[in-house]
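Trainee: Below is a structure I'd like to ask you about.
Residue numbers (this note's numbering): 87 to 351.
What follows is the structure, encoded as structure tokens:
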């Protein structure tokens, strides 16, 4: 993705919900300003007015040996938005080489003029083992530059079933959690029940939405002291649909064998 592609797609807008179909609330990317963008997803008009972009840069793979596999052919050049470098993680047993590679890539992205504000870890941490995950994150944070934030994606049921000590440990380690309400290309049924129990969450958080997916915000969400807004996972549009209202796409187009990132409750 180049800045030319992004800047050529100008479209004004403000965060809101759009209605589609039978008055079902659907996520219209044109009304949001923070997005996940995986490799293989084509540029969309909403990107030009984005304030924050979460860009997949690589995957820490567990087999045949722990290694960092790059997911981008070249360093992006984004001038108009804050950038989070996202790393999908299969294992927490990182080698010194993996740590060094990520720090080098952070420096390279910044040297190219990108406003990299943080690194986001996308890992399937088990709800009952958050304290162990927090230990890994604490070590990683100690290796990052002081001006680089640390964020993670999260399971919906962390707020309801997460280990209290683990949640407390995360609160002292990460700068934000993005809780995803979808799995694959479908919104998780009953997401509202999980979001109603967010009072236990003391970490700044966003809600991860799926482009074109259902979304009705719980009335109390906006009043939560740690709520920071939304991040929309962009998809390639299906044939016959506009890019601003994509409801899906071939998961393979996003270079993600598991499809759009999401978590079951």
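For each residue, glycine too, the CB sits at the ideal point set by N, CA and C.
1. If we require 3 or more residues per run, which beta strand (DSSP E) segments fall completely within the stretch 204-246?
2. Helix or strand or just coil, what does DSSP make of residue 107?
3. The ligand MN and residue 137: does any heavy atom of the ligand fall closer than 8 Å to the residue's C-beta?
4. Using the beta-carbon count (16 or more within 10 Å), is residue 211 buried or exposed?
5. Tell me, please, which residues DSSP counts as bridged to residue 269.
6. Would you give the residue range spanned by the beta strand (DSSP E) that residue 167 belongs to?
7. Count Cβ pairs between the stretch 316-323 and the stretch 281-288 that sit closer than 8 Å; are there 3 or more?
8. Do residue 207 and residue 175 come within 9 Å of each other at the CB atom, strictly closer than that value?
9. Just mark residue 109 as buried or exposed, buried being the case when its beta carbon has 16 or more other beta carbons within 10 Å.
10. What did DSSP end up calling residue 289 once you bin it into helix, strand or coil?
11. In whole angstroms, give me the CA-to-CA distance for residue 397 and residue 223.
12. In this structure, does DSSP put residue 194 in helix, strand or coil?
13. Any idea what DSSP makes of residue 260, helix, strand or coil?
14. Applying the 10 Å Cβ sphere with the 16-neighbour rule, what's the burial state of residue 329?
15. Less than 9 Å between the beta carbons of residue 125 and residue 142, yes or no?
Mentor: On the basis of the supplied data:
1. 235-240
2. Unreliable positioning characterises residue 107 in this predicted model, as indicated by a pLDDT of 42, which lies under 50. The coordinate reading is nonetheless provided below. Looking at residue 107 - three-state DSSP - the assignment turns out to be coil, as it is neither helix nor strand.
3. The ligand MN is not among the ligands present in this structure, which contains no ligands whatsoever.
4. buried
5. 272
6. Taken as a continuous stretch (DSSP letters only), residue 167 belongs to no beta strand (DSSP E), as it is neither H nor E.
7. no
8. yes
9. Low confidence applies here, because residue 109 scores a pLDDT of 48, under 50, leaving its location unreliable; read the following figure in that light. Classification for residue 109: exposed.
10. Residue 289: coil per DSSP, three-state reduction.
11. This structure does not reach residue 397, given that the chain is present from 87 up to 351, and the question cannot be answered.
12. helix
13. Three-state DSSP puts residue 260 in coil, outside helix and strand.
14. With a pLDDT of only 48 at residue 329, under 50, the local geometry of the prediction cannot be trusted, and the value read off the model is given with reservation. Burial call: buried.
15. yes
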